[in-house]
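Residues 722 to 810 (the numbering used here) are what the sequence shown spells out, left to right.
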Amino acid sequence: MKYLIWALLIYVGWRWYSASKARAEAGTSEADGAQASGKTQPQAETYAADAAENMVRCAQCGLHLPLSESLSGSSAEYFCSEAHRIQHH
Ligand SMILES: [Zn+2]
C-alpha cells in the first residue's frame, strides 16, 4: 500500500511540474526576455522560434544572447550591447 502512495505522490508532483513548466513557457517568457536583455523589444515574432533561434556569444563579456538581440561588429563577432562593441576594440 505504501508504494501506491508514493506512486500517487510522484504522479501529482509530475503533473504539477509539467503544469508549472507549461505555464512558465506560455506566460513569463516575454518578461524573462525583457529582464535578460535590458533593452525591451516586442518578442512576438521570435516567441515561437525562441528555443530554436541561434544563440551568439558576446565577444567582450561572453554573454550568450539570441542572434536577433545581438549587435554585430566589423568582423564575425557579436556583442550584447553597444557599450561592449565599443569596448572591444
Ligand atoms: Zn557583452
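Even for Gly, the Cβ is constructed at its ideal location relative to N, Cα and C.
Cα-Cα separation between residue i and residue j, rounded to whole angstroms
i	j	result
GLY748	PRO787	19 angstroms
ILE774	LEU725	A small correction: the amino acid at residue 774 is Glu; Ile does not occupy that position in the sequence shown. The alpha-carbon atoms of GLU774 and LEU725 are separated by roughly 43 angstroms.
PHE800	TRP735	39 angstroms
GLY783	TYR738	32 angstroms
GLU746	GLU803	29 angstroms
DSSP bridge partner residues for residue i (one or two, in chain order)
i	result
TYR724	TYR724 is not bridged to any residue.
LEU811	Limits of the chain in this structure are 722 at one end and 810 at the other, which puts residue 811 out of reach.
Cβ-based neighbour list, residue i, same chain, cut-off 8 angstroms, excluding 5 preceding and 5 following
i	result
SER791	VAL777, CYS779, TYR799, PHE800, CYS801
Unbroken beta strand (DSSP E) run spanning residue i, endpoints
i	result
HIS805	Note, HIS805: premise wrong, no beta strand (DSSP E); alpha helix (DSSP H) at 803–808.
Residue i: CB within 7 angstroms of a non-hydrogen atom of ligand 1
i	result
LEU725	no
HIS785	no
Close beta carbons around residue i, own chain, < 7 angstroms, minus the five adjacent residues each side
i	result
TYR732	none
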